[in-house]
Structure formats: C-alpha cells, structure tokens
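Trainee:
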Amino acid sequence: MSRFFSSKYAALEAYVPGEQPRDQKYIKLNTNESPFPPSPKVTEYAAREAGRLQLYSDPDSTEVTRAVAEHFGLSPRQVLLTNGSDEILNFAFMAFGDAEHPFLFPDITYGFYEVFADLNGIPYETIPLREDWSIDYKAYCGAGKNIVIANPNAPTGLSLPLCEIEEIVRTNPDHVVIVDEAYVDFGGESALPLIEKYDNLLVTRTFSKSRSLAGARLGWGMGQESLMQDLNTIKYSTNPYNINRMTAAAGLAAMEENEYYLQNARTIIATRDRTADALRQLGFAVTDSRTNFLFVSADWISGGDLYRELKARGILIRHWDKPRIGNWCRVTVGTDEEMDAFLAQVTQLRKEVLTNG
1 MSRFFSSKYA ALEAYVPGEQ PRDQKYIKLN TNESPFPPSP KVTEYAAREA GRLQLYSDPD
61 STEVTRAVAE HFGLSPRQVL LTNGSDEILN FAFMAFGDAE HPFLFPDITY GFYEVFADLN
121 GIPYETIPLR EDWSIDYKAY CGAGKNIVIA NPNAPTGLSL PLCEIEEIVR TNPDHVVIVD
181 EAYVDFGGES ALPLIEKYDN LLVTRTFSKS RSLAGARLGW GMGQESLMQD LNTIKYSTNP
241 YNINRMTAAA GLAAMEENEY YLQNARTIIA TRDRTADALR QLGFAVTDSR TNFLFVSADW
301 ISGGDLYREL KARGILIRHW DKPRIGNWCR VTVGTDEEMD AFLAQVTQLR KEVLTNG
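Residue numbers (the numbering used here): 1 to 357.
Here it is as structure tokens:
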C-alpha cells in the first residue's frame, strides 16, 4: 500500500472473489453463476438503452422498481434497487451499524459481512455453526444486536425454516435483522411474508443467481417504508445513479420473463440433486443444499487437493484454506453436461488416488 493509505483501513482484509483465470478454457463451477444465459428479451431491452448512455440513468430505477414491487405484492416505496445485493448490504451496515449497534452473524457465511463491518468501523461478533453446519437460530433470539443471516447460507447451502427466522426477528424488536436471500429461489423459504408484520426486517435479493444477471450487477432490498427511507438516505449520499441504464432495462426484462427463470431454477435443482446423489456414491459428504451449489468433502482427498487436481483437469471449484472448512469445497451447479464432465473427472481422480494408496 502507499504511504497515503488511511491508517483506519490498514488492517482491512478485503473480500476475495472467485478466481476468473484466462490461461485456458475451464468448466467454471466456482462462482455460483447461472449456467443459463439471460432471456432474449433481456438482451433486447439492454441494447435499446445502449444508444442513450450519454444520459444519466433514472436515479429511482422507476420501472424495474415498480416491476419488482408488483411481483412481490409490495409498494415501490418498500423496494430499493442497488448495484448488486452487495450494495444494499453495505448500505444496511452503514445505515444501522455503529459502535453502539454492533452486528452478529455466523462464523461461516458470506465473507462480505465481516468486510462491511470492518470497512465501516462496526464491531461484530460471530456465532459458530453447529457441527452439521446448520445455524443455531436460538443463539440469535433476543441477542440485542443487529443481525445478518444468509438464508440459505453460503457456502454450506443449508436453509432455516420461516418459523425460526420469524423468532429471530420477533425477539430482536429494537435491532435490524437482515435476511440475505441470494439463493432462495433454489429451495429456500422466503421471509418476505414477514415484512408487513415487522418493521425491523430487511430482506435482500439478487439478480445474479436465478435470474442470470451476475455480470449486470443488480440487486434489491425489501422492507417497511421507514427502513427503506433510511437506506435511500445512504444511497443518495453515496451513489444516486447507482443503476446504469442497460442494467435497469435488463432487470425489467428479467422480471417480465419470470417463468423462464423459474424453469431454469427448477432445472438447476434437479441437476443439483442428481449430482449430490452421485457424489455420495463416490464417498463424499454432501450437505442438503437449497442453493445452486453443493458443499462437499471426502475422506479420500483433502479439499485443497480436490481443488488443485480438478483445476489441472480444466474444472474450477471453490476452496477456502480456513479452519473448519479446509477439507470442504463448494461446487456450483452447471448444466447437465458440465456436471457429467465434473463427475467423470472426480470418478477418475478417486480411482487414481485409491489405486496409488
């Protein structure tokens, strides 16, 4: 770092995104992108705006905000569109966290929560996941802190039922509870029905996973109007034109083509479950994922070796060299053809490892 870098960020550990190598062609199963392209209407709508990029975008993202609100039975004033769900999460940390209002989240979860807390100088605590990787929801009840929970969680893929999420929200009435639902379309249970009942609930979503727009960077938050007013204050104090014209148009088209994306999600779920069964037959432990990825481990190979061996064979998966999860890897669910190739390589690798002792 330079000598000008502020000391307040000197100890900041930045979020590390999944690798995007260019040295060869890979089957990419490491960043939880959709294996399916956007619908043709998305391309059409985005192209229509490409010729108007000399003009600022609508700071309210009016059309796509209205479409999202109508789809989920909310008022547009209860929805805030952002530059990916990461932005709405950062806005929430900025708006609701400070020295007197710390955050609480699991020890193994989306890595950006810790980064957002550190970036904004907000104290936080983590609660260890159970041995089976599930969240102990009772540990969050009456905690007296702001809470953020990814549901389903990443990288474990496990999901809490709505009744347990509600108990967390209900027992922390004076603190904001953020439920990050990036993967909810793949089998999780949404907290959306609780929004009208609780003024301390913020639900966040993304277009990156089930709606095939990871490269467009579009997400949103939902909550009661007073909560969204707070978040809008942060938005208009930092990045009022946060959604560009092409992305807003792409998001609108994606909402209009909802059935296309729901069908893709159903396909991914079927492929996920088939792949999980095959991996279990190969001696893997696999969590009961409700996401578009699998969290896997085997006693015949370490997590690091599995990652490295598959990369050498042209397949990328995600591995973290961290305590507790060092022997586990996350595998994004691709197309049936991609997962067949993955399974073929894993089968061959297992044969080689066991043969060589």
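Where is the CB? At the ideal position from N, CA and C, for every residue including glycine.
1) How about valine 68 and tryptophan 300: do their beta carbons lie closer than 7 Å?
2) Can you tell me whether DSSP reads glycine 221 as helix, strand or coil?
3) Quick one: is aspartate 180 buried, meaning 16 or more other Cβ sit within 10 Å of its Cβ, or exposed?
4) Could you tell me which residues DSSP pairs with alanine 341 in its beta bridges?
5) So which of Pro123, Gly251, Tyr198, Arg308 has the shortest CA-CA distance to threonine 206?
6) Just confirm the distance between the C-beta atoms of isoleucine 243 and leucine 202, as a whole number of angstroms; I'd bet it's less than 8 Å.
7) Just the C-alpha distance for glutamate 164 and glutamate 352, rounded to the nearest angstrom, thanks.
8) Less than 8 Å between the CB atoms is what I'm expecting for tyrosine 102 and isoleucine 122, so what's the real figure, rounded?
9) Checking the sheet assignment: what are the DSSP bridge partners for arginine 400?
10) When DSSP builds the beta bridges, which residues end up paired with leucine 202?
11) To the nearest angstrom, report how far apart valine 296 and aspartate 136 are at their CA atoms.
12) Please state whether DSSP places valine 16 in a helix, a strand or coil.
13) May I have a chain-ordered list of the beta strand (DSSP E) segments no shorter than 3 residues that lie completely inside the segment 37-114?
14) Given a cut-off of 7 Å, decide if lysine 209 and asparagine 327 are closer than it, judged by their beta-carbon atoms.
15) Leaving out five residues before and five after valine 184 in sequence, what residues of the same chain have Cβ atoms less than 6 Å from its Cβ?
16) Ordered along the chain, which non-local residues of its own chain (more than five positions away) have a Cβ less than 7 Å from that of cysteine 141?
17) Please classify phenylalanine 5 as buried or exposed, where buried requires at least 16 neighbouring CB atoms within 10 angstroms.
18) In whole angstroms, give me the CA-to-CA distance for serine 338 and isoleucine 27.
19) Measuring CA to CA, which of Pro21, Pro161, Thr204 is closest to valine 148?
20) Going straight from the alpha carbon of asparagine 120 to that of leucine 279, what length do you get?
21) Between the alpha carbons of lysine 138 and alanine 265, how many angstroms are there, rounded?
22) Do phenylalanine 112 and valine 176 count as a contact pair if the criterion is CB distance below 7 Å?
23) Have a look at Lys8, Tyr260, Gln24, Leu81 and flag the residue whose alpha-carbon is nearest the alpha-carbon of lysine 311.
24) Residues in the same chain with beta-carbon distance under 8 Å from arginine 52, minus the five sequence neighbours each way, listed in chain order, please.
25) In this structure, does DSSP put asparagine 258 in helix, strand or coil?
26) Tell me, which residues are paired with tyrosine 408 by DSSP?
27) Rounded to whole angstroms, how far is the Cβ of glutamine 224 from the Cβ of aspartate 199, which I believe are closer than 8 Å?
28) Three or more C-beta pairs closer than 8 Å, one from the segment 253-264 and one from the segment 35-49: is that the case here?
29) Would you give the residue range spanned by the alpha helix (DSSP H) that alanine 312 belongs to?
30) Which whole-angstrom value is the C-beta distance of glutamate 33 and alanine 214, which I expect to be below 8 Å?
31) If you follow the alpha helix (DSSP H) that valine 286 is part of, which residue opens it and which one closes it?
Mentor: Based on what the coordinates show:
1) no
2) strand
3) With 16 or more Cβ atoms within 10 Å of its Cβ, aspartate 180 is classed as buried.
4) DSSP output for alanine 341 lists no bridge partner at all.
5) Gly251
6) Not really, about 19 Å apart at Cβ, beyond 8 Å.
7) 44 Å
8) The identity of residue 102 in the sequence shown is proline, whereas the question assumes tyrosine. Their Cβ separation, rounded to whole angstroms, is 6 Å, which keeps proline 102 and isoleucine 122 in contact under 8 Å.
9) The requested residue 400 does not occur in the structure, where the chain is confined to residues 1 to 357.
10) Leucine 202 is bridged by DSSP to Ile178.
11) Near 21 Å, if we compare the C-alpha coordinates of aspartate 136 and valine 296.
12) coil
13) DSSP runs (the beta strand (DSSP E)) wholly in the segment 37-114: 79-82, 103-106.
14) no
15) Ser190
16) Glu167, Ile168, Thr171
17) Exposed, by the Cβ-count rule.
18) First, the amino acid is wrong: residue 338 is glutamate here, not serine. Cα to Cα, the separation comes out at about 7 Å.
19) Thr204
20) Note on geometry: alpha-carbon atoms of asparagine 120 and leucine 279 lie some 41 Å from one another.
21) 31 Å
22) no
23) Gln24
24) Arg245
25) helix
26) Lying before the first or after the last residue shown, residue 408 is absent from the chain, which here runs from 1 to 357.
27) 5 Å
28) yes
29) 303-312
30) Between glutamate 33 and alanine 214 the beta-carbon gap is near 5 Å, inside 8 Å, which marks them as a contact.
31) Segment 284-286 is the beta strand (DSSP E) holding valine 286; no alpha helix (DSSP H) there.
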